[in-house]
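Those protein sequences? They're chains Y and V, same order as listed.
Numbering-wise (the working numbering), the first sequence opens with residue 1 and increments by one.
Numbering-wise (the working numbering), the second sequence opens with residue 1 and increments by one.
What follows is a set of notes on a single structure, which appears directly below.
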Amino acid sequence: MNFSETRSDLTLMLIFSAVVLTMPLWLAPIGAGYPDLLQKFAIFGIFAIGYNILFGLTGYLSFGHAAFLGIGSYTAVWSFKLLTMNVLPAIFFAIIMTGLFAALIGFISLRRSGIYFSILTLAFAQMSYNLAYSVLTPITNGETGLQLTLQDARILDGPAGAGLPSTELFGISMSGYSGFYFCAVVLIIAFFFSLKIFRSPFGMKLQAIKSNQTRMKYTGYNTRPYLMTAFIISGMYAGLAGALMAVTDPLAGAERMQWTASGEVVLMTILGGVGTLFGPLLGVGIIKYFENIFSAINEEALHSFFSFLPGFLENLLVAITSPFVGEGWHLTLGVLFMVIVIFLPGGIMEGIDRIKKRYRNQGTKTTPEKE
Amino acid sequence: MSDNNWSRRDVLKASVAFAAAGAAPMFFTKDAWAAKNFMNNPGSSSTVTLGFNVPQTGAYADEGADELRAFKLAVKHLNGEGDSGMMNTMKPSVLKGNGILGKKVTYVTGDTQTKSDAARASAKRMIEKDGVIMFSGGSSSGVAIAVQGLAQEMGVVFMAGLTHSNDTTGKDKRRYGFRHFFNAKMSGSALGPVLKERMGTDRNAYHLTADYTWGWTQEQSIKETTENLGWNTAKAVKTPVGAGDFSQYITPILNSGADTLILNHYGKDMINSLTQAVQFGLRDKQVNGKDFQIIVPLYSRLMAQGAGENLKGILGTTNWNWALSDHGSQAFVKSFGNEYGFPPSQAAHTCYVQTLLYANACEMAGTFYPPEVIKQLEGFKFDGMGNGKTEYRAADHQCFKDVLVVEGNQNPSSQFDLLKIVKEVPRSQVEYDASIFGGNLGPYEV
């Protein structure tokens with residue numbers, strides 16, 4: 001690894017850490033600077049980064065990653081119920097457990113590639129969802145979701161107090177802002193690992209699989225172990241994200257494993273830019289922002305937003321915009337997704353690159369390239 | 001190419017990141033940890049915010065939309081706009097029509113999507129970002145129980161909307177959660193005598209049950225009732241919520257030897273399953289020499305509207321119906337009708353009442369401080385809210401009041417006149433001991 005690359009990576013990491021840790025400040029003006037949404041940004045950021053290691057590097061489109069998210073959550077909640085409210089064992093067991101499941105599912109699904117792989121993963125995720133939803137209800141509590149109760153064993157914590165205990169890291173409560181900073185630090189570490197994978201020879205091999213697997217096999221590489229590793233790593237990322245969801249809010253529901261949740265992470269990655277380092281994070285930001293903020297805008301809010309206009313114009317604008325906010329947030333997201341996929345197939349990152357290029361061209365305009 | 005990438009620089013990088021991350025909380029969380037006497041204290045602000053968290057999408061969206069209408073109406077009335085509706089008939093009441101404790105009431109809304117995760121995210125947004133002092137809403141007991149737990153953790157009162165599971169005020173009851181709506185146990189007790197009278201004591205029942213807390217407890221309560229009557233339970237099949245197509249669950253009933261179908265479904269699920277059951281000819285069948293019967297233990301007018309003709313003559317229970325003739329109901333139907341042009345559903349009624357009850361409790365307590373407000377609500381006895389004399393039982397935060405047994409109207413006089421009241425079952429007949437479900441309310445202070 002050469003010197004300049006390491007150095008630019010260092011700056012990258014520093015800028016990234018600064019941006020992530022100051023999120024409460026710069027997201028406040030657009031109404032997103034509150035703990036729950038900030039936690040979601042960080043958690044789904046981890047999920048998308050992990051997904052990008054598989055989909056972005058190897059090109060294997062998994063439609064079942066939400067299953068790992070759910071397994072991570074259930075494991076973490078069981079750790080809270082049986083062992084202790086400390087979050088570290090919960091996260092540890094969640095990662096191990098999802099790693100095992102990913103090895104199993106990967107072992108079977110990775111025998112095929114392309115659309116067949118996608119269908120296999122989708123089938124596994126749907127199986128997991130149905131198991132959690134109606135078959136394994138003693139373990140998952142079905143639709144109601146797995147929750148903490150006062151009767152839980154919690155062997156390491158000793159007898160509970162009057163109310164339900166909350167998750168903690170050596171005494172620091174894991175809800176609110178402290179929960180966000182914990183998730184943010186985990187996100188930074190997760191991003192660092194993903195950066196290392198992108199830059200490593202291992203990452204190079206994964207990219208080679210994406211560009212032409214057959215050719216790679218002809219040069220003497222056995223691609224399966226590499227794919228397996230990438231699949232397991234990305235599954236463990238999802239498990240980590242699932243565990244963090246349980247850490248910030250000790251409840252696990254089966255809907256986390258539904259195919260729509262799997263589809264969401266695909267959308268996030270494509271929206272931001274497949275195979276780019278930051279793209280998936282941007283996608284996460286946009287989708288979670290729409291889901292939480294746009295869905296909450298009601299007509300009253302629109303009226304106050306347009307109140308500077310004369311009455312009839314105000315009503316007209318409210319009538320035009322109201323189908324796109326509130327319960328219509330999916331509509332806006334759909335339109336945005338179409339626009340981006342049609343005009344910027346490489347996602348938002350491609351848009352950013354284009355803008356960068358334009359700036360660079362303007363800078364060199366003094367010496368015209370024509371003639 | 002070396003596989004070992006951990007250069008000195010990487011280690012440095014990582015440690016810088018760690019240091020930055022470790023220090024950051026010190027800078028940004030000062031406010032979060034500053035002394036606050038309770039969550040979202042409105043303090044000297046001139047307004048107070050309530051959160052209305054209802055399903056706007058999914059199988060229960062119709063109910064959610066009607067609940068939201070009722071919440072908006074309640075806010076209007078609390079602020080002294082409109083005709084004040086039930087504020088005129090509620091007894092005892094200290095509501096003045098100038099907001100709550102002199103603060104104008106504003107509200108925020110959210111979509112629960114009928115999913116626990118989404119509902120909790122939405123409720124957290126209301127609490128953390130919008131600063132709500134109380135939130136309400138419902139339509140799914142799974143969601144109600146999930147957000148009720150959150151209410152307890154965060155120390156914000158949750159006035160449950162439509163939730164019918166025994167668990168909400170049973171094994172999952174919380175100090176910060178209150179339910180005005182009735183529950184499956186009461187439905188069972190109310191239905192029992194009517195079922196005996198109409199269908200006798202020798203029947204073979206087949207349950208289709210929505211696969212979550214509400215379905216489970218309703219199946220259990222109805223089973224208890226019918227088996228006490230001497231009925232046999234042929235089979236109980238669980239179906240996923242929002243399945244859409246129930247034909248695969250209905251065909252086996254035809255050959256099961258059952259002569260009664262009990263649909264533990266609600267919302268669009270109930271509309272679909274009932275319509276399909278009728279299409280499959282269940283109601284025209286004769287089994288064991290008896291007419292095949294369908295029972296829908298939890299009824300709502302919105303569902304009746306969706307199911308149309310199919311509902312005629314089918315028995316069930318409901319918390320409230322707009323056709324009731326008492327002053328409170330009439331006042332509410334009138335102001336709701338003036339506002340929206342059609343009568344309110346039971347979901348709308350319970351949400352409206354819950355909002356007024358909370359506001360009234362704050363006025364009585366003279367503060368928004370949740371433990372004091374909770375103490376006012378516990379054991380509160382009131383009248384004039386459409387269900388006759390009602391009491392918020394202190395032991396489990398469940399309201400006790402009369403329950404309506406209804407049937408699908410054979411000759412509706414209008415498109416809203418879909419349910420006929422068969423019997424108003426008095427409160428004494430549906431009461432039960434609070435301790436039978438277990439559970440623990442938890443502490444006042446959190």
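Glycine residues also receive a C-beta, built at the ideal position from the N, C-alpha and C atoms.
In chain Y, no part has a C-beta under 9 Å from the C-beta of residue 344 of chain V; the shortest such distance is about 20 Å.
Any Cβ of chain Y closer than 8 Å to the Cβ of residue 422 of chain V would place that residue at the interface, and such an atom is absent. Per DSSP, residue 30 of chain Y lies in no alpha helix (DSSP H) and is assigned neither H nor E. Between residue 120 of chain V and residue 34 of chain Y, the CB-CB gap reaches or exceeds 8 Å. Of the candidates V/228, V/102 and V/270, the residue whose Cα lies closest to the Cα of residue 239 of chain V is V/270. Across the stretch 206-226 of chain V, CB contacts with chain Y closer than 7 Å involve 211, 212 and 213, in sequence order along the chain. The C-beta distance from residue 361 of chain V to residue 382 of chain V rounds to 10 Å, too long to meet the 8 Å contact threshold. With a cut-off of 8 Å on Cβ pairs, the stretch 325-335 of chain V is not in contact with the stretch 136-151 of chain V, counting fewer than three such pairs. When 7 Å is used as the limit between beta carbons, residue 144 of chain Y is near these residues of chain V: 142, 145, 212 and 213, in chain order. CA-CA distance, residue 185 of chain V to residue 221 of chain V, rounds to 5 Å. Along the stretch 242-266 of chain Y, the positions whose C-beta sits under 7 Å from a C-beta of chain V are 249, 251, 253, 255 and 256, read in chain order.
Within the stretch 112-174 of chain V, the complete beta strand (DSSP E) runs of at least 3 residues fall at 134-137 and 157-160. For residue 333 of chain V, the uninterrupted alpha helix (DSSP H) run begins and ends at 327-340, by DSSP.
For residue 234 of chain V, same chain residues with a beta-carbon under 6 Å away, outside a window of 5 residues either side, are 204, 206, 256 and 258 in chain order. Spatial neighbours of residue 412 of chain V in its own chain (CB-CB distance under 6 Å, excluding positions within 5 residues in sequence) are listed in chain order as 418.
For residue 74 of chain V, no beta strand (DSSP E) encloses it; the enclosing alpha helix (DSSP H) starts and ends at 61-78. The beta carbons of residue 46 of chain Y and residue 240 of chain Y sit about 6 Å from each other, so the pair counts as a contact at 8 Å.
Residue 176 of chain V counts as buried, since at least 16 other C-beta atoms from the protein chains shown sit within 10 angstroms of its C-beta. Looking at the DSSP output, residue 276 of chain Y sits in no beta bridge, so it has no partner there. In terms of Cβ geometry, residue 328 of chain V and residue 159 of chain V do not form a close pair [threshold 8 Å]. Under the 8 Å criterion on CB atoms, residue 67 of chain V is classed as non-interfacial with respect to chain Y. The C-alpha of residue 294 of chain V is placed about 51 Å away from the C-alpha of residue 340 of chain Y.
Taking a C-beta distance under 8 Å as the contact criterion, residue 287 of chain Y and residue 257 of chain Y do not qualify as a contact pair. Taking a C-beta distance under 8 Å as the contact criterion, residue 321 of chain V and residue 406 of chain V qualify as a contact pair. Under the 8 Å criterion on CB atoms, residue 36 of chain Y is classed as interfacial with respect to chain V. One alpha carbon belongs to residue 126 of chain Y, the other to residue 28 of chain Y, and they sit about 37 Å apart. Annotated three-state conformation of residue 252 of chain Y is strand, per DSSP. Annotated three-state conformation of residue 286 of chain V is strand, per DSSP.
Taking C-beta atoms as the reference points, residue 90 of chain V and residue 364 of chain V fail to come closer than 8 Å. Under the DSSP definition of a beta bridge, residue 188 of chain V lacks any partner. Under the Cβ distance rule, residue 313 of chain Y does not count among the residues neighbouring chain V, no pair being separated by less than 8 Å. The stretch 133-146 of chain Y and the stretch 132-145 of chain V touch, with no fewer than 3 CB-CB distances between them shorter than 8 Å.
In this chain, residue 411 of chain V is not harboured by any beta strand (DSSP E), its DSSP state being neither H nor E.
Around the CB of residue 211 of chain V, 16 or more other CB atoms lie within 10 Å, so the residue is classed as buried. Across the structure, residue 65 of chain Y and residue 59 of chain Y are spaced so that their CA atoms are roughly 14 Å apart.
Annotated as distal: residue 225 of chain V and residue 281 of chain V, with beta-carbon spacing of 8 Å or more.
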